[in-house]
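Numbering that gives the first Met the number 0 puts the sequence shown at residues 0 to 639.
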Amino acid sequence: MDDEYEEALKFSVFNKLRKVNNIINNVTVRSNTQKRDISETDNKTPYPKLKQFKGNVARKESQSVDEQPSLPTRQLLKILDLERQKSVQSALANRVNRFKEFSRSQAEQRKEAWLQAQQLFIQNMELKEKGILSENEKYDVSQCSEMAQLTQNAIEKMKMRQEILNSVKHKLLLEERIQKIKSNYQKFLGEIQEITKVISSCMDSGELVNSQDFNINIFESLHKQLEEIVIRCDTNISSITDQDVQASEDILWQLIDCHNKCTIAVENINAKKLTEKANEQQSLEAAKEVKIQTNQQPNTAIENIQETVTEPPRTINIHNAEESIKVFSNSYIDLEDLARYEKLMAFRNEFKKSYMELENNSTLKTFKFDLKKAVNIPVNSLSGVNANHILDKFVKLHRLLTGQTVVIAGKQINAAQHPQGITFCMDLLAKKLVLQGEIMVSCNPESAFCFASLILSLWNDFPQFGQLLLAYFYEMCPYLIPYYIPRQVNETDEEFYKKLGYQYNDGEVEKQDKFLKRMTGIMRLYFAITIAKPKSNLTSPYNLKQSWKWLASFLRLKPQVDVSATALHVFLETVGFAMERAYGVMFQKLMKIIMLQYLPSCQEIKCSGGAVIRLEILIMEYLKNKKFEAPIGYNELPSW
């Protein structure tokens, strides 16, 4: 870089020198003319010394001014030019040396400054390292303290967790014990029900009571023992031990043994009575002189046998045992309701067998899929928007069940193409409409009346459809019979809860709130059917009388946890206004029974607060307003 600067400086000096030479007699520094003149004038003599040149100049100055110098002047200028060049070159060299010296000094200063900065940086780094080490030591100390604290907290948490775990294990153990005891109690009640049926078939209850092979009074003793254990399960849970569980199992097995003995005793008594009746008939036939008595007595005997066989267990005079059996019988279902329920279930099962060939035929999958669409699409799209909408869905379903062609999703479908197609559609439609209760009505209560109106209109023309509908109502929600299904011996939890209407998902029973919500939708749809209006020119095949029968049977049964209060609340909320209009004073008497007896009974069995509180609030509003309001959706449904 210094060489470049030196060259630039030389170029600048020579450029200025060129301009000066042009001013002084037009003589340049390196002129060829000058060289020739000098060579011509002083070819042999070297350049004169500067002193001689000065003397000559002084002599010539004394001469005339007009006299023009020739050679000495050129020589002088030459010498001056050379000296000037030397001085310039010397100045340039000095200048360059100064620049070089300055560059060296700057480099040394930069180097010294860099060394100082590096030293300062090293000192700062050492200070930072010392600070970091100090902070690390402090952090290590704090971390050790925190770790010690965390370790202590972890130990305490583990102890607490272990205590909680032990508490949970103990609680689970208690719950398992209680569950086993209650399960045994349910099985005990089921056995009592079966024994009741056996006793009801006995032709001579007095002889059964006095039988040596079977002690009928043992029922009360066993029931009292087991009930004491069950009461402690609700009042003093911590006192329940494995001995109590074993005691409940022993009581159950004693009852099963009594059941077997009772069966044998009844069979022996019935066989004996039949033999006596046969002998009596033979003796009467032998007495020919009294033909009238002979002809009447067997009939009277047969009538007595029939009366004894069909007589409900609650009318059998068996002292305290009779009262106990009566309580168990009334805890679950009325015998007339049980007979109606079994008849409907048998009808539904036989009806399903009538289309098994179509159901199991894998080559008719497309046909069955079309039939399902023909049922599902109208039912899923049904709403009470207007009369024409409901009528359109009714016409499609009616045509389907009568074997006519319907157009669904742009496709023509005829159920009569297969001999079992109509029965398949009728069963599917009944089940689908009941399912709308738990799917649609549970979320949208006012929709119950458009479904109910459609159901009643189809029921008028298809009585079998109505029977199937009731069967599915009773299967999905047995509380509409009403029927509190008891648990049978050796029945699993899943089997028992499914009979009660619960659903299972991945082996887990559904939560109680979801179960009650589904049951509420099904019940609301069922009760809505009893007050809804069918198509304008039809009469209702299932009217308010059915609601009265249900309420009368329901209030005779002992309340069950949650579902009893929920069912009664839905009933009063849906058809309470219609019941009061139709039955007046009789319904008001039933309401007094509900307020004074049934509601306290629900509170005694520790129903969940929500269900009982909702029922209590509804009854308080009734007492305040002296009436029930019509449910939403009842008056808004258009007449079609």
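C-beta: ideal position from N, C-alpha, C; glycine also.
In chain order, what residues of the same chain lie with their CB nearer than 6 Å to the CB of Ser-446, ignoring the 5 residues before and after it? Excluding residues within five positions, the ones whose Cβ falls inside 6 Å are Met-439, Val-440.
Classify Asp-409 as buried or exposed, calling it buried when 16 or more other Cβ atoms lie within 10 Å of its own Cβ.
Note that residue 409 is Gly in the sequence shown here, rather than Asp. So Gly-409 ends up on the exposed side.
Tell whether a beta-carbon distance below 8 Å holds between Lys-534 and Phe-393.
Yes. Within cutoff.
* **Chain-order list of residues whose beta-carbon lies under 6 Å from that of Leu-457 (same chain, five-residue window excluded)** => Excluding residues within five positions, the ones whose Cβ falls inside 6 Å are Phe-464.
_Once the 5 residues before and after Leu-499 are set aside, which same chain residues still bring their CB inside 8 Å of it?_
For Leu-499, the CB contacts under 8 Å within the same chain, skipping 5 residues up- and downstream, are Pro-477, Ile-484 in chain order.
message: Based on DSSP bridge pairs, tell me the residues matched to Glu-507.
response: The partner list for Glu-507 (beta bridge, DSSP) reads Asn-504.
When you compare the segment 179-186 with the segment 237-250, are there three or more beta-carbon pairs, one atom per stretch, that lie closer than 8 Å? A contact exists between the segment 179-186 and the segment 237-250.
_Of the listed residues Phe-586, Glu-266, Tyr-340, Val-611, nearest to Lys-625 (C-alpha basis)_ = Minimum Cα distance to Lys-625 is reached at Phe-586.
So, with DSSP's three-state summary, where would you put Ile-407? Ile-407 carries a strand assignment under DSSP once its states are collapsed to helix, strand and coil.
*Inter-residue Cα distance where the pair is Leu-537 and Val-611*: Approximately 39 Å between the Cα atoms of the pair.
>> Under 8 Å, with one C-beta from each stretch per pair, do the segment 543-554 and the segment 564-584 reach the 3-pair mark?
In response: Short answer: they touch.
query: Leaving out the 5 sequence neighbours to the left and right, which residues in its chain are closer than 7 Å to Gln-142 when beta-carbon positions are compared?
result: Counting only Cβ-Cβ distances below 7 Å, and skipping sequence neighbours, we find nothing.
(Q) Helix, strand or coil, according to DSSP, for Ile-412 in the structure here? (A) Here Ile-412 carries a strand assignment [DSSP, helix/strand/coil].
Quiz item: Okay, do the segment 548-563 and the segment 464-475 touch, 3+ Cβ pairs below 8 Å being the bar?
Solution: As far as the Cβ criterion goes, the segment 548-563 does not touch the segment 464-475, which means the pair count is below three.
If contact is defined by three or more beta carbon pairs under 8 Å, each pair taking one atom from either stretch, is the segment 502-516 in contact with the segment 581-599? They do not touch, by the three-pair rule.
Problem set entry | Candidates Pro-481, Glu-494, Arg-17, of which the one nearest Gln-338 by Cα | The sequence given here places Ala at residue 338; Gln does not occur at that position. Ranking the options by Cα distance to Ala-338, first place goes to Pro-481.
Can you give me the C-alpha to C-alpha distance between Gln-452 and Leu-171, rounded to a whole angstrom? The identity of residue 452 in the sequence shown is Ser, whereas the question assumes Gln. Computed Cα separation, rounded: 49 Å.
With a CB to CB cut of under 7 Å and the five nearest residues on each side skipped, what residues in its chain are close to Leu-617?
The answer, listed in chain order, is His-568, Leu-571, Glu-572.
If we call anything under 8 Å between Cβ atoms a contact, is Lys-186 one with Gln-416? Contact: no.
- Looking only at C-alpha atoms, which of Leu-399, Asp-391, Gln-435 sits nearest to Gly-520? Of the listed residues, the one whose Cα sits closest to Gly-520 is Gln-435.
Next item on the list: Determine the DSSP secondary structure at Ser-382, reduced to helix, strand or coil.
Entry: In this structure, DSSP gives Ser-382 a state outside helix and strand, which the three-state scheme calls coil.
Q: Go through its chain and collect everything with a Cβ distance to Val-19's Cβ below 8 Å, but skip five positions before and after it.
A: A distance below 8 Å between beta-carbons, with the five flanking residues on each side excluded, links Val-19 to no residue of its chain.
Worksheet entry | Straight-line Cα distance separating Leu-515 from Ile-304 | In this prediction, Ile-304 has a pLDDT of 26, which is less than 50 and means its spatial position is unreliable; nothing more can be read from the coordinates.
Query raised in the report: Whose C-beta lies closer than 8 Å to the C-beta of Cys-424 among residues of the same chain, with five residues either side of it excluded?
Result: So the list reads Leu-370, Ala-373, Val-374, Leu-399, Leu-400, Ala-414, once near-sequence residues are dropped.
- Taking the alpha helix (DSSP H) that His-568 falls in, what are its first and last residues? Unbroken alpha helix (DSSP H) run through His-568: 562-582.
Exercise. Quick one: any contact between the segment 225-233 and the segment 158-165, if contact means 3 or more CB pairs under 8 Å?
Worked result: They do not touch, by the three-pair rule.
Exercise. Are Glu-615 and Leu-598 closer than 8 Å when you measure CB to CB?
Worked result: In this structure, Glu-615 places its C-beta atom within 8 Å of the C-beta atom of Leu-598.
Notebook entry, point to check: Buried or exposed: which applies to Met-716, given that a residue is buried once 16 or more other Cβ atoms fall within 10 Å of its Cβ?
Noted result: Any answer about residue 716 is impossible in this case: the structure gives the chain only from 0 up to 639.
Regarding Gln-88 and the ligand GTP, is the C-beta to nearest heavy atom distance less than 7 Å? With respect to the ligand GTP, the structure shown offers nothing to examine, as it has no ligands at all.
(Q) Closest to Gln-253 by C-alpha separation, out of Ala-264, Leu-221, Thr-274, would be which residue? (A) Of the candidates Ala-264, Leu-221, Thr-274, the residue whose Cα lies closest to the Cα of Gln-253 is Leu-221.
Open item on the list: Between which residues of its own chain and Ala-153 is the CB-CB distance below 6 Å, once the five residues before and five after are set aside?
Closed with: Hits under 6 Å: none found.
Rounded straight-line distance, which links the Cα of Lys-395 to that of Pro-377: Each residue's alpha carbon lies about 7 Å from the other.
Where does Asn-348 fall in DSSP's three states?
Helix, per DSSP.
Quick one: what does DSSP say Gln-296 is sitting in, helix, strand or coil? With a pLDDT of 37 at Gln-296, under the threshold of 50, the modelled position of this residue cannot be trusted; read the value that follows with caution. In the three-state reduction of the DSSP assignment, Gln-296 falls in the helix class, which pools H, G and I.
- Considering only C-alpha positions, which residue in the set Ala-277, His-169, Gln-192, Ile-198 is nearest to Asp-241? Of the candidates Ala-277, His-169, Gln-192, Ile-198, the one whose C-alpha sits nearest the C-alpha of Asp-241 is His-169.
**Q.** Closest Cα partner of Arg-555 within the set Phe-366, Ile-593, Lys-367, Ala-531
**A.** Among Phe-366, Ile-593, Lys-367, Ala-531, the Cα nearest to that of Arg-555 belongs to Ile-593.
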